[in-house]
Amino acid sequence: MVTITITCSYCSGEQLVRHGLTKNGKQHYLCKDCRRSSRDQPQPNGYTAQAREEILRAYEERSSVRGLTRTFGVSRNTVSAWIKKKK
Ligand SMILES: [Zn+2]
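The sequence shown runs 12 to 98 under the working numbering.
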């Protein structure tokens, strides 16, 4: 099961509702907190918190970024950024 968490790019609120489509067919969301609309998945890296947890856990076990990029298909830069943030 894949749960995509989307957050508002303005206030980081999680109360987003679907708000129609843009001209090129992208989903638009309206933030209930600040009433601004944003395009789909304003999340900077495109991974869910759940996926990130899973990948970081695998990193702790294997300590190999190269292995992770092969297993999960994440970019090395993405993983390094997460690891830095965690410390
Ligand atoms: Zn907002």
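Cβ atoms here follow ideal geometry from the backbone N, Cα and C, with glycine treated the same way.
With H, G and I counted as helix, E and B as strand and the rest as coil, what does DSSP make of residue i?
i	result
LEU49	The identity of residue 49 in the sequence shown is Ser, whereas the question assumes Leu. Three-state result, SER49: strand.
GLY24	coil
GLY84	coil
GLN54	Only weak support exists for where GLN54 lies, its pLDDT of 49 falling under 50; the coordinates are left without a value.
THR89	helix
ILE66	helix
ILE94	helix
CYS19	coil
Strictly by DSSP, which residues pair up with residue i?
i	result
TYR40	ARG29 and SER49
> Taking contact to mean at least 3 C-beta pairs separated by less than 8 Å, is the region 61 to 74 in contact with the region 33 to 43?
Replying inline: In short, these stretches do not touch, since the Cβ pair count stays below three.
>> Using a strict less-than 6 Å threshold between each residue's beta carbon and the heavy atoms of ligand 1, what residues do you get?
In response: In chain order, the residues that have a beta carbon nearer than 6 Å to some heavy atom of ligand 1 are CYS19, TYR21, CYS22, GLY24, CYS42, ASP44, CYS45 and ARG47.
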